[in-house]
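Novice: Each step along the sequence shown adds one to the number in the numbering used here, with nothing skipped, and position 107 is 120. The beta carbon of each residue, even a glycine, is placed where N, CA and C say it ideally should be. This is the structure I have questions about; it appears just below.
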Amino acid sequence: MAGVELRQPVAAGVSIALVGYTSTFVVILSGLRAVGASPAEATSGLIVLSAVTGAGNIWFSLRHRKPFTLAWSTPGAAVLASAGAVGGWPDAVGAFAVTGLLIVATGLWSRLGDLIKAIPAPIAQGMLAGVVLQICLVPLAGIYRYPWQVGAMFATWLVLFLVAARWAVPAVFAVMLIVVGIDGGWSGGLGDRLLPHLTWTTPHLSWEAIVGVAIPLYVVTMAAQNVPGVAIMGSFGYRVPWRESMTMTGIGTVVCAPFGAHAMNLAAISAAVPASEESHPDPARRWPAATAFGAAFVVLAAVTAPLTAYLGPAPAAVLGTVAALGLLSTLASAVNAMAADPDDRIPATLTFLVAASDVTIAGVGSAFWALVVGIVVHLVMKARRSQA
């Protein structure tokens, strides 16, 4: 009987880990490559993110006996994809470390958390929608060159979305592996690419990377992952230890940044499955789902190296199709949230447009300038309403 009761949460945790990994794997890979990582450095980042967040899940859930789940920052990776190589890979790694320090500071200093919460949600979501839109447009630009590959992946997504929505993007990921194989994706032998290998990069601090990468990465990780993650867990009756979780994920980000990890955080959307009745009818017996979630990510870290090597020669449009379909729900949610408050629709729309423009000013990418424009217009409109 105990085995049967344990099987349900374990199955729920493993399934959502597989969905999360396959749905966002390419987004993380694309984001790291966009800010200057070599294939080996991006692979290292994926390995350490999978292994450390997985181990963190195991420790966190066992310590509290609650279904607390950690994850890598998928919205943050989308920000990286729009930021571009701001000063080079060592500068990006330095920005990752700064992001981790800011997350730690948020846990230790409540006023910093209040400052993030003071950013109107429509503006933060407008920035996220703008950077995600850039990724979602990639397959549209490549479908003329790779019609059958992109078409097969989109058709797979559409069919699965109608009958089993959760598995739609993982199915697209599987089709992508087949497509890459048909196109001769694996060039050369396996060699040592089967073995996980971490690459060290000494962090370098530059103001362009701190402003253009660290600040937008921190804001979107807090606004789109940590704060919603706490709210989602609260909706199921679980209180997340804020200071502990921010300190743990922030320190993890700082320590793992030299190996290519961009940001770790509380899970948001994927947190709902381990915390819900889908895991177990009894809330007190759902925590093994989070443990299994973490264990699955540790195992997935072992297959990351050969997987990235296999996908290395794949066209950007083919890889981008998985990333785009994986981020469709994020884009839809962000667009809906940015239009929720009538008073902030104009500032949020301007934020969205600037973020989607991919403009670079003074070496700083569009995500930062989108925040600046959105906040300034919000404050001006708020002051004018108060005078009316």
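From which residue to which residue does the alpha helix (DSSP H) around M246 run?
Specialist: Counting from one through the sequence shown, the residue named residue 246 turns up at place 233. Element bounds for M246: V240 to S248.
Novice: Pick from I41, T56, V23 and S43: whose alpha carbon is nearest that of V316?
Specialist: Translated into positions along the sequence shown, residue 316 becomes position 303. When only C-alpha atoms are compared, the closest one is T56.
Novice: Name the residue from I60, G33, F249 and V163 whose alpha carbon lies nearest to the alpha carbon of P328.
Specialist: What you label residue 328 is simply residue 315 of the sequence shown in a count that begins at 1. The residue with the shortest Cα to Cα distance from P328 is V163.
Novice: Consult DSSP for V377 and reduce its assignment to one of helix, strand or coil.
Specialist: In the sequence shown, the residue the question calls residue 377 occupies position 364. V377: strand per DSSP, three-state reduction.
Novice: Considering just the uninterrupted stretch of the alpha helix (DSSP H) at L115, what are its terminal residues?
Specialist: In the sequence shown, residue 115 corresponds to position 102, counting from 1. Start and end: W102 to L121.
Novice: Can the beta-carbon of L324 be found closer than 9 Å to that of V32?
Specialist: Your numbering for residue 324 matches position 311 in the sequence shown. Your numbering for residue 32 matches position 19 in the sequence shown. The answer is no: Cβ separation not under 9 Å.
Novice: With L153 as the anchor, note down where its beta strand (DSSP E) starts and where it stops.
Specialist: Locating residue 153 in the sequence shown gives position 140, counting from the first residue. Looking at the DSSP string, L153 is not in any beta strand (DSSP E); the run it does join, the alpha helix (DSSP H), is V151 to G155.
Novice: Would you mind sorting W213 into buried or exposed? The rule is 16 or more other CB atoms within 10 Å of its CB.
Specialist: Within the sequence shown, the letter at position 200 stands for residue 213. By the neighbour-count rule (16 or more Cβ atoms within 10 Å), W213 is not buried but exposed.
Novice: Can you list, in chain order, the residues of its chain with a C-beta nearer than 8 Å to that of L114? Leave out the 5 residues immediately preceding and following it.
Specialist: For the purposes of this step, residue 114 is identified with residue 101 of the sequence shown, where counting begins at 1. So the list reads G263 and V267, once near-sequence residues are dropped.
Novice: Using the DSSP secondary-structure output, state which residues sit across from L340 in a beta bridge.
Specialist: Numbered from its first residue, the sequence shown carries residue 340 at position 327. Paired residues: none, contrary to the question.
Novice: When the distance is taken between beta carbons, is A276 closer than 9 Å to T234?
Specialist: Numbered from its first residue, the sequence shown carries residue 234 at position 221. Numbered from its first residue, the sequence shown carries residue 276 at position 263. Closer than 9 Å, so yes.
Novice: What does the alpha-carbon distance come out to for the pair G202 and H210?
Specialist: Residue numbering aside, residue 202 sits at position 189 when the sequence shown is read from its first letter. Residue numbering aside, residue 210 sits at position 197 when the sequence shown is read from its first letter. In this predicted model, G202 has a pLDDT of only 48, less than 50, meaning its place in the structure is not dependable; the value taken from the coordinates is given anyway. Straight-line Cα distance between these residues: approximately 17 Å.
Novice: For the beta strand (DSSP E) containing M277, list its first residue and its last residue.
Specialist: The residue given as residue 277 occupies position 264 in the sequence shown. From DSSP, the beta strand (DSSP E) with M277 extends over M277 to L279.
Novice: Tell whether a beta-carbon distance below 9 Å holds between V48 and V226.
Specialist: Taking the sequence shown and counting its residues from 1, one reaches residue 48 at position 35. Taking the sequence shown and counting its residues from 1, one reaches residue 226 at position 213. In contact: V48 and V226 (Cβ atoms closer than 9 Å).
Novice: Measure the beta-carbon distance from L59 to L230 and round it to whole angstroms, keeping in mind my assumption that it falls under 8 Å.
Specialist: Translated into positions along the sequence shown, residue 59 becomes position 46. Translated into positions along the sequence shown, residue 230 becomes position 217. The Cβ separation is near 17 Å, so there is no contact.
Novice: If you pair each beta-carbon of the segment 90–109 with each one of the segment 140–159, do three or more pairs fall below 8 Å?
Specialist: Yes, since at least three Cβ pairs between the segment 90–109 and the segment 140–159 fall closer than 8 Å, the two stretches touch.
Novice: Which same chain residues, not among the five before or five after D357, have their C-beta less than 7 Å away from its C-beta?
Specialist: As a first step, residue 357 must be located in the sequence shown, where it is residue number 344. Taken in chain order, the residues that qualify are P133, P135, I136 and H391.
Novice: DSSP puts A353 in a beta bridge; with which residues?
Specialist: Taking the sequence shown and counting its residues from 1, the one referred to as residue 353 is at position 340. Per DSSP, none; premise fails for A353.
Novice: With a threshold of 8 Å on Cβ separation, who are the neighbours of V377 within its own chain once the five nearest residues in sequence on each side are excluded?
Specialist: To locate residue 377, count along the sequence shown from 1; it is residue 364. The answer, listed in chain order, is V99, E221, V224 and G225.
Novice: List the endpoints of the continuous beta strand (DSSP E) containing W300.
Specialist: Here residue 300 refers to the residue found at position 287 of the sequence shown. First-last for W300: W300 to L324, but that is the alpha helix (DSSP H), not the beta strand (DSSP E).
Novice: Assuming N69 contacts A303 under a Cβ cut-off of 8 Å, what Cβ separation, rounded to an integer in Å, is found between them?
Specialist: Within the sequence shown, residue 69 is the residue found at index 56, counting from 1. Within the sequence shown, residue 303 is the residue found at index 290, counting from 1. Checking the displayed sequence, the identity of residue 69 turns out to be Gly instead of Asn. That pair is no contact at about 10 Å.
Novice: Assess, as a yes-or-no matter, whether the segment 277–288 is touched by the segment 150–164 under the definition of 3 or more beta carbon pairs within less than 8 Å.
Specialist: Result no; under three Cβ-Cβ pairs closer than 8 Å.
Novice: Is DSSP giving L93 helix, strand or coil here?
Specialist: Taking the sequence shown and counting its residues from 1, the one referred to as residue 93 is at position 80. Helix at L93.
Novice: Pair every Cβ in the segment 188–196 with every Cβ in the segment 164–176, then say whether three or more of these pairs are closer than 8 Å.
Specialist: Contact between the segment 188–196 and the segment 164–176 is present, because at least three Cβ pairs lie under 8 Å.
Novice: Would you kindly report the start and end of the unbroken beta strand (DSSP E) that includes L83?
Specialist: The residue given as residue 83 occupies position 70 in the sequence shown. Per DSSP, L83 belongs to the beta strand (DSSP E) from L83 to W85.
Novice: Can you tell which of P326, V61 and T87 has its C-alpha closest to the C-alpha of L344?
Specialist: Position 331 of the sequence shown, counting from 1, holds the residue named residue 344. With distances taken between Cα atoms, L344 lies closest to T87.
Novice: Which value, in whole angstroms, describes the spacing of the CA atoms of R256 and P326?
Specialist: Position 243 of the sequence shown, counted from the start, is the residue given in the question as residue 256. Position 313 of the sequence shown, counted from the start, is the residue given in the question as residue 326. Straight-line Cα distance between these residues: approximately 43 Å.
Novice: Have a look at I29, P52 and G44 and flag the residue whose alpha-carbon is nearest the alpha-carbon of L320.
Specialist: For the purposes of this step, residue 320 is taken as residue 307 along the sequence shown, with counting starting at 1. Residue P52 is the option with its Cα nearest to L320.
Novice: List the whole-angstrom C-beta distance separating F249 from T82, where the pair is believed to meet the contact cut-off of C-beta under 8 Å.
Specialist: In the sequence shown, the residue the question calls residue 249 occupies position 236. In the sequence shown, the residue the question calls residue 82 occupies position 69. 12 Å between Cβ atoms; not a contact.
Novice: According to the neighbour-count rule (16 or more other Cβ atoms, all chains shown, within 10 Å of its Cβ), is A177 buried or exposed?
Specialist: Taking the sequence shown and counting its residues from 1, the one referred to as residue 177 is at position 164. Per the 10 Å Cβ criterion, exposed.
Novice: Compute the Euclidean distance between the alpha carbons of G333 and L45, then round it to the nearest angstrom.
Specialist: Walking along the sequence shown from the start, residue 333 turns up at place 320. Walking along the sequence shown from the start, residue 45 turns up at place 32. Those two C-alpha atoms are separated by around 14 Å.
Novice: In its own chain, which residues sit with a C-beta less than 8 Å from the C-beta of G247, not counting the 5 before and 5 after it?
Specialist: The residue given as residue 247 occupies position 234 in the sequence shown. The residues are V253.
Novice: My output table needs one value for P215: the three-state DSSP class, helix, strand or coil.
Specialist: Here residue 215 refers to the residue found at position 202 when the sequence shown is read from its first residue. As written in the sequence, residue 215 is Thr, which differs from the Pro given in the question. In this structure, T215 counts as coil in the three-state DSSP scheme.
Novice: Give the C-beta separation of M140 and A383 to the nearest angstrom, bearing in mind that I take them to be a contact with Cβ-Cβ under 8 Å.
Specialist: Sequence index remark: in the sequence shown, residue 140 carries index 127 (1-based). Sequence index remark: in the sequence shown, residue 383 carries index 370 (1-based). At roughly 5 Å, the Cβ-Cβ gap stays under 8 Å, so M140 and A383 are in contact.
Novice: Does the beta-carbon of K130 have 16 or more other beta-carbons within 10 angstroms, so that it is buried, or is it exposed?
Specialist: Residue numbering aside, residue 130 sits at position 117 when the sequence shown is read from its first letter. With fewer than 16 Cβ atoms within 10 Å of its Cβ, K130 is classed as exposed.
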